[in-house]
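Have a look at the structure below before the remarks.
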Amino acid sequence: MLLSELQSKDIINIDSGAKIGFIGDIEIDVTVGVITYLIVTISQKWFGLIGSEEELKIPWTNIVKIGTDVILIRLD
1 MLLSELQSKD IINIDSGAKI GFIGDIEIDV TVGVITYLIV TISQKWFGLI GSEEELKIPW
61 TNIVKIGTDV ILIRLD
């Protein structure tokens, strides 16, 4: 799977059913060659202008399922 394919999927918290956002980036441990975190951009803007954007680092181990349209995660 390509990063661009992951970036187009909605991130959903399986516990609450809430949409978290989209993948903005990933963090890779280059010493062992594995993805360690998904970095999700959370936009809190009104009409795309006013507000802020935050980043949420989700450990790869928190991924429950990668589906065709969504990535299900569990947040602690």
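Using UniProt numbering, the final residue of the sequence shown is 76, and nothing's skipped along the way. From the three backbone atoms N, C-alpha and C, an ideal C-beta is built for every residue, glycine too. It should be emphasised that the depicted structure is a prediction, and the values quoted were computed from it without experimental measurement.
Problem - Other residues of its chain near Glu27: CB distance less than 6 Å, five sequence neighbours each side excluded - result: Thr36, Tyr37
Practice task
Would you decide whether Val34 is buried or exposed? Buried here means 16 or more other CB atoms lie within 10 Å of its CB.
Solution key: exposed
Practice task
Verify whether the separation of the beta carbon atoms of Val40 and Leu56 is less than 7 Å.
Solution key: yes
Problem - Gly21 and Ile50 closer than 7 Å at C-beta - result: no
Problem - Beta-carbon proximity list for residue 79, same chain, < 8 Å, skipping 5 on both sides - result: The first residue shown for the chain is 1 and the last is 76, placing residue 79 beyond what the model contains.
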